[in-house]
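Please read the structure below before turning to the comments.
Residue numbers (the numbering used here): 682 to 1029.
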């Protein structure tokens, strides 16, 4: 992009930026100066008109929402002045109402760019404008007509290149909004299926997968139950934030010990459960050994907590055995936890 801009500029071009936000103005100025543009900055429409009375820039970039005089009015005044009538102008807008497109066309802006803007997008628009300046000077045809929007008639007069730019803007805006909607939907789905604290699957998703496996043919299915030892002690002595850090560490240990298709979930306060489809007793036993090895590594590495996790597992060969395997894995886990407590108290 830098080559295209510089390669089409026979002389150093000057751009007037109209932006009331000092932060945004500095950001745009820094970006444009990287491409060898000379940048003038006006903090209001009134200041911009004063600058334009003294010199004519190659391009004007203006924010739409500004106090006293918005970008649409600034653009209209620039177009009403014989001296500045043909200066290209880009409007930066955080608005998304279709009426903004009509207003932009009516005031004579060459293009709209939706905030937050990014460097490739804004530079491509600048290149497009400069690349088509000679064509626009020779262009005689003007589109004149009325557009009905929201029950109101709007008179529009514009040239084909500007009309094409606005069609592209409308298409790009629709794409951006669609991507934002898809992103929001994916985020909602992630939140509905994952535990916020640990990032593992939550109980709801675990139960859905449990039902799905009971109807499928991916047997044998093994189930591993796990419970973090000593969470209550950490919560009571160090606070719940420390307890959360312990749970995150336990989740990290757990998640790294299984295959990609296994469902590792936090199903309660200190309880985890894992579904291992197409996994026999040997596979789940190997997974438990990996957990114990990872626990040993974490403790040797001197983590904040000495972490201990009680484990239990069972394997179902058929759908009819799945509920029993879930219960058996839980019981085995509690047996291990109980044995550890007895050992800690010196009871044989």
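All C-beta atoms in this analysis are idealised placements derived from N, C-alpha and C, irrespective of residue type, glycine included.
Margin query: Among 877, 808, 702, 752, whose alpha-carbon lies nearest the alpha-carbon of residue 739?
Written below: That would be 808, whose Cα lies nearest to the Cα of residue 739.
Check: Would you say residue 742 and residue 700 are within 9 Å of each other, going by their C-beta atoms?
Finding: Yes, the pair counts as a contact, with Cβ atoms nearer than the cut-off.
Notebook entry, point to check: What are the boundary residues of the alpha helix (DSSP H) that residue 889 is part of?
Noted result: 884–895
Checklist line | Residue from 898, 797, 780, 766 whose Cα sits closest to the Cα of residue 773 | finding: 797
Margin query: Rounded to the nearest angstrom, what separates residue 872 and residue 1004 at their Cα positions?
Written below: Taking the straight line from one Cα to the other gives about 27 Å.
Next item on the list: Can you tell me which of the three DSSP states residue 985 falls into?
Entry: coil
Next item on the list: Would you mind sorting residue 955 into buried or exposed? The rule is 16 or more other CB atoms within 10 Å of its CB.
Entry: Under this definition residue 955 is a buried residue.
Margin query: Quick check: residue 945 and residue 882, are their CB atoms within less than 9 Å of each other?
Written below: yes
Check: Counting Cβ pairs closer than 8 Å, one from the region 969–977 and one from the region 933–942, do we hit at least three?
Finding: In the pairwise beta carbon analysis, the region 969–977 is classified as touching the region 933–942: at least three pairs are separated by under 8 Å.
Margin query: Quick check on DSSP: helix, strand or coil for residue 807?
Written below: Looking at residue 807 - three-state DSSP - the assignment turns out to be helix.
Check: So does residue 934 have its beta carbon nearer than 8 Å to some heavy atom of the ligand SAM?
Finding: This structure lacks the ligand SAM, and indeed carries no ligand of any kind.
Note to self: I need the straight-line Cα distance from residue 705 to residue 979, nearest angstrom please.
What the structure shows: 46 Å
Checklist line | Three or more C-beta pairs below 8 Å linking the region 1010–1024 and the region 914–930 | finding: no
Check: Under a three-way DSSP split, which group does residue 947 fall into?
Finding: It is a strand residue.
Margin query: According to DSSP, is residue 785 part of a helix, a strand, or is it coil?
Written below: helix
Note to self: Quick check: the Cα distance between residue 918 and residue 958, rounded to an integer number of angstroms?
What the structure shows: 39 Å
Note to self: Which of the three DSSP states is assigned to residue 904 in this structure?
What the structure shows: strand
Notebook entry, point to check: So which of 989, 891, 794, 988 has the shortest CA-CA distance to residue 1006?
Noted result: 891
Checklist line | C-beta contact flag for residue 997 and residue 900 at 9 Å | finding: yes
Check: Around the C-beta of residue 691, are 16 or more other C-beta atoms found within 10 angstroms, so that it is buried, or is it exposed?
Finding: Bear in mind that a pLDDT of 46 at residue 691, under 50, signals an unreliable position, so the model cannot answer this.
Item checked: Contacts around residue 784, its chain only, beta-carbon distance under 6 Å, and the 5 residues preceding and following it disregarded -> 753
Margin query: Which residue wins for smallest C-alpha separation from residue 771, given the options 789, 864, 799?
Written below: 789
Next item on the list: Would you tell me roughly how many angstroms separate the C-alpha atoms of residue 965 and residue 868, rounded to the nearest one?
Entry: 32 Å
Next item on the list: Within the same chain, show all residues whose beta-carbon is closer than 6 Å to that of residue 760, passing over the 5 residues directly before and after it, in chain order.
Entry: 766, 789
Checklist line | Closest residue to residue 898 among 726, 960, 718 (Cα-Cα distance) | finding: 960
Check: Whose C-beta lies closer than 6 Å to the C-beta of residue 864 among residues of the same chain, with five residues either side of it excluded?
Finding: Short of 6 Å from the beta carbon of residue 864, and not among the five residues preceding or following it, lies no beta carbon of its own chain.
Next item on the list: Decide if residue 792 is buried, meaning its Cβ has at least 16 other Cβ atoms within 10 Å, or exposed.
Entry: It is buried - the Cβ of residue 792 has at least 16 other Cβ atoms within 10 Å.
Next item on the list: Output the residue ranges of the alpha helix (DSSP H) runs that lie fully inside the region 1003–1028 and measure 4 residues or longer, sorted by chain position.
Entry: 1003–1025
Margin query: Distance check for residue 745 and residue 802, CA to CA, integer angstroms please.
Written below: 18 Å
Next item on the list: Could you name the residues that DSSP lists as bridge partners for residue 993?
Entry: 906
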